[in-house]
Amino acid sequence: MADIYNVYNILAAIFKYIFITIIYLFIFGIMRMIYLDIKKTNMPRPRGIPRGMAYLQLLTDKNNLYFEVESAYPLDKEVIVIGRGANCDIVIDDYYISTRHVQLWSEDDEWYIADMGSTNGTYINGIKMDDEPLILDSGDRIKIGQVEFMAVLR
Amino acid sequence: MISKLAKHPINMIVIINTLAFLLLFFYRTPPNYQILFVGVSITILSVITYLAISFFNLGDRYLFIIASMLISIGVVMLCRLDYSMGIAQVGWYLISVCVFYAAYILYRYINIWRFLKWFYFGLSVFLYILTQVIGITINGAKNWIMIGSLSFQPSEIIKILFILFIAARLTGNNKKLFNLPENYTTALFSFVFMFFLILQREWGLTLLYFLTYFTLTYIYDDDKIFLLANALVTAAVGAIGSLTMHHIAIRIKTWRNPWEDISNTGYQITQSLFAIASGGFFGRGIGMGNPDFIPQANSDFIFSAICEEMGIFGGAAVILLYFIFVYRGIKIALLLPEGFDKCVALGISIMFAFQTFIIIGGVIKLIPLTGITMPFVSSGGSSLVTSFISLGILQAVSAGRRQANDQ
Amino acid sequence: MTNKRIIRTLVVLSFLFIMLIVYLTYFVVFQREAVMQSPYNKRLWAYEEDIERGTIKDRSGAVLAYSQEGKRIYEYGPLYCHVIGYNSKIYGKTMIESKFNNLLLGRGSVAEVFGIGGSGKSGYDLTLTIDHNLQSTAKSKLGSRHGSVVAINPKTGEVLALVNNPDFDPNDSVLAKKWTELTESKDSPLLPRATGGLYPPGSTFKIITAAAAIENGLDKEEYLDTGTVSIGGAAFDNYGKKANGRIDFKKAFALSSNYAFCTLGAKLTSPVLRQTAQRFGFDKTFDFDIDFTRSRFQAKDTDEAGSAALAIGQGETLATPFQMALTACAIANNGIIMKPYIVQRAEDKNGSIVYEKRPQQLYTAVSNDVAAKIKDLMVETVENGTGKNAKISTIKVAGKTGTAENELKGKEKNKDHAWFVCFAPAENPQIAVAVMLEYSGGSGGELCAPIARDIIRQYVKKRSGA
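Chains as they are written, first to last, in our numbering: chain A, 1 to 154; chain B, 155 to 561; chain C, 562 to 1027.
See below:
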C-alpha cells in the first residue's frame, strides 16, 4: 500500500513536467503549422513573373514529391491546360493527374476554372468541383492529384 | 526528433492521453479499469475525428485538434476529481462528436441559415419561457430543464441562436420595424436576450452576450455614435445595477477584497486562489493536490484545479490553447468574403474568447467572478454539446461554400 | 474595412489573453507566499496531516516538543511558550513553530521546490541552542514574579535561556480551553516580554553612557556626589537619595551614581548618546529566529535636562530585556555583538543536516579598549558596588544593576522595574544574562542580581565540570 503510494508520488512528480512539455510542444506544433500557412498566403511574388500577371503558387512541399514541379506558374495565356500530357501548358508528371486534367481561362477580367473530366477530380478550397465552371478568387486553393496551388490573381 | 514529433500534434494528444490515463489508473488502489476505458475511448474519438477531418478535407484541421487537447486536459482533471464524472464526460464527448458532424453537415449543405432570424429569436424566447415555467433550480439559479433523467441548460444552446440571430441581422436585409433604424432594432432584440438572462441571474452569460453583441456591432456597424451610445447606456445600466442590485454589489465587493468575508461571499474565490498558490509554477502533480477543496472544481473552477495540479505553466498552456483556437477562428473569418458565414465565424470565435476570459479572469481574481463554464473543459453535457455545435459550424464555414455559385 | 476592424478585435482579444497569463504569473510570483500562509488555507493543514511534524530538542537532545498522531505535544508545558510558541489549527502558529514551519514540515530543500521526492512523510527535527536545565532554573528562580530572563553565549550568539513570566500552556487542548482568558487577562501572558516587551532600561543604560563617556575622554573626572543634582532646572536623585561623597568615574559607575551620570549626560548631549545606543542595536532590527520588537532610543535633540535623563536610561528610551542582554554581550565579547540565534540546526530522519547556523558578527558596538574599560567598571560593580548580590566566590562576574521608574502614576508609582545585566567569567565570558522584573518595586541589585548569580553559577560550573 505505502509502496504503491510512494511510487505514485514519484511518477506524478516526474509526469507533471512531461505533461507540461508535451502540451507546449503541441502548442508549438500548431503554431508552426499556422505560421507555415500564413507564410504561404503571404509569399512574395516569385521571380520571373512580372507585376500584374496572375500566377499559380505551389503550396505543397516540393521535397515530398517524387516528380518535378515548379514553385510558381505564370498564367500568361488566355487559356491554360494543366495535365500530365506533354502538350499541356503546365505539365506535371504526377500519377494521379490525368493527361488533360483541368483548364483555366480568362474572360471579362475574371479567371474561370473547369475540370476536364479528370479521373481523380479537382478540389477548390477542399471541395471537389463538379462539371460546372467556377470563377476563381484570388487566394483560392486548387488541388489536383498530389499537388496544391494557390491562385494569385491580383 | 522533438521537432519531428511536433510536426504532428495529434501524436501529442495520443502521448498525453496514454501517460495521463495510465497514471490515473494507478491513482487509486485498487486500480480502476474504467479509467483505462475512458482513456482509450477519448483517444480513439479524437484520433478518428481528426483523421476524418484531414482525410475527407472537412475544412480547417487545427480547430478540432486544439479542442480535443482541451477535452483531454478536462477529462484527466475530471477523472482525477471523481472518475464517474470523467466517464460521464466521455459519454458526452461521444454525443458531442456526433452532434459536431451533424452540425457540420446541416450547416454546410443546407443553405438557409441566413434567413431564419425570427426562428432563432422565437426559439430562444420559447426556451427561456420554458425554463421559467418548468425549469428547476440548481445552485440558486433557475436555468435547468429536466428531460427524463438528463438535466439540460437551455441558456447554453441559446448562445448559438444568439450568434446566428445577430449575424443574420447584421449581414442580411432587414425590414424596418417600429420606425426605428435597423441597428436600433437589432440592439433592442439583443437586449431582450440579455433581459431574460438577467431574470435568470446569469450575470456571466449576460456579460458574455453583451461583449459578443458589442464587438460584432463594432465590426459591422459604421455608426460610431450608435456604438458609443450603446457603451454609455450599458455603462449606466451597469453602474445603476451595481449600486442597486445586491447581487452585483456583493460580487464587486468580493472581487476587491475577498479576504474580508472569507467564510461566506469570499469563500469560492479564496479557495480558488489557495489552489493556484499551492500549485505554483509547475503544480503539485496530478493526484497530488487538494482540488477537492475548491467548490465546483468540476465546472466553473476547473481552471483552478488545473493550476493546482499542473501549475501556472499548465494554466498558461490552457490559455494559449484557447488563444490559438480563437486566433484560428478569426483567421478563418478574415479569409472569407463578406457575408453571413463570416459573421457567424467571427461571432463564434469572439464568444469563445470572451467566455474563456470571463471565467479564467474570474477564478484568478483579475475581474469579478461570474460563474460560466469553460468551453471544452468544464464537465456538463449542455456546455460540451453547445461548444461542439459551434465548432461544427466553424468547421463548416472553414470548409467553404462556393460563393460563385450562390450569388 | 471589416477586416481592418476584425484585426483590431483580434489585437484586443490577444491583449486580454496575455493579461490572463501576466496576472497569473504576477499572482504566483508576488502573492503566492502570503496567500499560502493564510490560516484559512485548508491545504496547509491537509499537507500537515500527511507529514509528521519535526521534533524540537534542546542543545543536549532533550525533547521539548513533538508530534504524536497529528497532535503537537509540548513536553514542558508553559516553559517554552515564548520560544517554541504553539501550533494550533484554530489559533495558528507562533515563534519557532511559525518561523521554521517549512523545515518542521520537511520543506524548503531544492528537491522540494521541484516537487521531486522531498522528505517523504516526516518533517525535519530542530535542535535549539537553549539549555533545558538553564531554562528550568531560570524559570524556577523567577517563581511567580512577572519578568524575563535572557541568557546568551556572547562569543557565539547562541541563546541559552529565554524565560518570561507570566506564561501559558501551549498544548492545544489547554489553549482551546483558556484562550479567552489568555487574551483578556490583564497580565498579558501571551506577550513574550523578553523579546516583545519594552521597558525603560534605567541604570543598565549607563553601560552605554559609560561607553560614550570613555570615547569622549570624560572618564577622568571626579564628582562630589550629594545625592541630588539639578540640571537645566530639573532635579535628579540617586536611588534612595543616597549621597556617595567624593567619587571617581569607576566608583560612580559601580555605585550607579545618577549625580555623576546625569552630569555626564548633559555634557555628552543626546545625539552622542543616541549614536552610541544605535551601535548597540537600539532603533535597529535584524533577522532573528523569533520575531522581536525593536528597542527605541527615540529622543532627538533634547535640552540638558533631557540628555541627563537619557544618560540614566529614563526619558523616552525603551528596551527589551533581549536588547539589554545583547548590550552585555557587546562588552563581554570585546565590543562585538554576535548575531543571536535559537535554532542551531535542522536534520532529517536519517540524521543528515539540512540547515545549520554558524556564529556571525552582527554589530561592532565599541572598540576593544573601551569594552575592556567597561568590563572593569562592571566587575567593580559586582565586587564593591550595587551588584554585590551577584558575587560568586569562584567566578568573577561583571554586571550592572538598574531600577527604572515606570510610567504609572499615584500609588503604583513606587513599583519600579528592576534590572540586572551581567556576564561571567569576566576574564573569559561564557554567558551573558539579562534579568528584568516588571513593576517589582525593588532595586535591581536586591531582586535581579541573585537570579542572575544562580544562573551563572549553574552554567559555568557545568561547563568547567564537563
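Positions of the beta carbon are idealized from the N, C-alpha and C atoms, including for glycine.
These numbers were taken from a predicted model, which means no experiment stands behind them.
is_contact[residue i, chain B] using C-beta, thresh 7 Å
i                            : result
phenylalanine 149 of chain A : no
isoleucine 677 of chain C    : Confidence is the limiting factor: at isoleucine 677 of chain C the pLDDT is only 44, short of 50, which leaves the residue's position unreliable and the question unanswerable from this model.
valine 589 of chain C        : yes
valine 596 of chain C        : yes
tyrosine 1020 of chain C     : no
glycine 145 of chain A       : no
serine 680 of chain C        : Low per-residue confidence applies at serine 680 of chain C: pLDDT is 41, beneath 50, and the placement is therefore not dependable, though the value from the model is reported in the following sentence. Judged by the 7 Å Cβ criterion, serine 680 of chain C is not in contact with chain B.
phenylalanine 881 of chain C : With the sequence shown as reference, residue 881 of chain C is identified as threonine, and phenylalanine is not the correct amino acid for it. Chain B, which has no Cβ nearer than 7 Å to the Cβ of threonine 881 of chain C, makes this no.
leucine 666 of chain C       : no
isoleucine 113 of chain A    : no
CB contact check: residue i to chain C, cutoff 7 Å
i                         : result
threonine 366 of chain B  : no
isoleucine 283 of chain B : no
leucine 427 of chain B    : yes
isoleucine 164 of chain B : no
threonine 325 of chain B  : no
Element boundaries [alpha helix (DSSP H), containing residue i]
i                         : result
serine 734 of chain C     : 733–745
serine 278 of chain B     : 271–288
methionine 505 of chain B : 494–517
lysine 700 of chain C     : 693–703
serine 831 of chain C     : 831–840
lysine 660 of chain C     : 656–660
methionine 885 of chain C : 882–893
Option nearest residue i by Cα separation, candidates the options
i                            : options                                   : result
phenylalanine 506 of chain B : B:Leu475, B:Ser533 and B:Leu523           : B:Leu475
cysteine 497 of chain B      : B:Cys252, B:Phe319 and B:Tyr181           : B:Phe319
aspartate 377 of chain B     : B:Asn333, B:His401, B:Phe350 and B:Leu324 : B:Leu324
proline 624 of chain C       : C:Lys632, C:Glu636, C:Pro600 and C:Gly631 : According to the sequence provided, residue 624 of chain C is valine. The question's proline does not apply to it. The shortest C-alpha separation from valine 624 of chain C is found at C:Glu636.
aspartate 852 of chain C     : C:Phe883, C:Leu825, C:Asn602 and C:Ala933 : C:Phe883
alanine 257 of chain B       : B:Gly554, B:Phe273, B:Gly546 and B:Val346 : B:Gly546
glycine 554 of chain B       : A:Ile144, A:Val147 and A:Gly139           : A:Gly139
glycine 842 of chain C       : C:Asn894, C:Ile898 and C:Tyr584           : C:Ile898
threonine 787 of chain C     : C:Ala907, C:Ala773, C:Arg807 and C:Asn564 : C:Arg807
lysine 861 of chain C        : C:Leu834, C:Lys845 and C:Ser709           : C:Leu834
isoleucine 612 of chain C    : C:Lys632, C:Ser621, C:Ala595 and C:Asp619 : C:Lys632
cysteine 642 of chain C      : C:Asn895, C:Lys957, C:Ile617 and C:Gly963 : C:Ile617
threonine 854 of chain C     : C:Gln836, C:Met656 and C:Met580           : C:Met656
histidine 14 of chain A      : B:Ala550, B:Phe436, B:Gly515 and B:Ile312 : Per the sequence presented here, residue 14 of chain A reads as isoleucine, with histidine not at that position. Closest option to isoleucine 14 of chain A, Cα to Cα, is B:Phe436.
Extent of the continuous beta strand (DSSP E) to which residue i belongs
i                        : result
alanine 993 of chain C   : 992–998
aspartate 115 of chain A : 110–115
aspartate 852 of chain C : Here aspartate 852 of chain C belongs to no beta strand (DSSP E), and DSSP marks it neither H nor E.
glycine 139 of chain A   : Segment: none, glycine 139 of chain A is in no beta strand (DSSP E) and carries neither H nor E.
glycine 546 of chain B   : It is not in any beta strand (DSSP E) - glycine 546 of chain B instead sits in the alpha helix (DSSP H) that spans 535–553.
CB contact below 7 Å: residue i versus chain A
i                         : result
tyrosine 263 of chain B   : no
isoleucine 169 of chain B : yes
isoleucine 478 of chain B : yes
Residues that residue i contacts on chain A, provided the C-beta gap is smaller than 9 Å
i                            : result
phenylalanine 218 of chain B : Those within 9 Å of phenylalanine 218 of chain B in chain A number zero; the least Cβ separation is about 11 Å.
leucine 475 of chain B       : Ile23, Phe26, Ile27 and Ile30
Neighbour list for residue i in chain C, Cβ cutoff strictly below 9 Å
i                      : result
glycine 554 of chain B : The contacting residues do not exist; glycine 554 of chain B stays about 17 Å from chain C at best.
glycine 245 of chain B : Per Cβ cutoff of 9 Å: no residues; glycine 245 of chain B is ~31 Å from chain C at best.
Partners in chain B for residue i, counting only beta-carbon separations shorter than 9 Å
i                        : result
isoleucine 20 of chain A : Phe436, Gly437, Met464, Gly465, Phe467, Gly468 and Ala471
tyrosine 652 of chain C  : Within 9 Å Cβ-Cβ: nothing; tyrosine 652 of chain C doesn't reach chain B, min ~16 Å.
Residues that residue i contacts on chain C, provided the C-beta gap is smaller than 8 Å
i                       : result
tyrosine 372 of chain B : Arg566 and Thr570
Listed by chain order, chain C residues near residue i by CB distance under 7 Å
i                      : result
glycine 515 of chain B : Leu581
leucine 362 of chain B : Under the 7 Å cutoff, chain C gives no residues; its nearest Cβ is about 13 Å from leucine 362 of chain B.
Chain-ordered chain B contacts of residue i [CB-CB under 8 Å]
i                     : result
leucine 11 of chain A : Leu177 and Phe180
Near-chain B residues of the stretch 602–618 of chain C - C-beta to any C-beta below 7 Å
Cβ contacts with chain B come from Asn602, Lys603, Arg604 and Ala607.
Going along the stretch 481–509 of chain B in order, which residues come within less than 8 Å of chain A, judged by CB to CB distance?
Per Cβ criterion, the list reads Tyr481, Arg482, Lys485, Leu489 and Pro491.
Chain-ordered residues of the stretch 431–464 of chain B with a beta carbon less than 7 Å from chain A:
Within the stretch 431–464 of chain B, the residues whose Cβ lies closer than 7 Å to some Cβ of chain A are Phe436, Gly437, Gly439, Ile440, Gly441, Met442 and Met464, listed in chain order.
Near-chain C residues of the stretch 191–213 of chain B - C-beta to any C-beta below 7 Å:
So the list is empty, because no residue satisfies the distance condition.
If contact means a Cβ-Cβ distance below 7 Å, which residues of the stretch 226–241 of chain B contact chain C?
Here the close residues number zero.
Please list, in chain order, the residues of the stretch 392–411 of chain B that have any C-beta partner in chain A closer than 8 Å.
Flagged: no residues at all.
Could you run through the stretch 171–182 of chain B and flag, in chain order, every residue whose CB is less than 8 Å away from some CB of chain A?
Of all residues in the stretch 171–182 of chain B, only Leu173, Ala174, Leu177, Phe180 and Tyr181 come within less than 8 Å of chain A when Cβ atoms are compared, listed by chain position.
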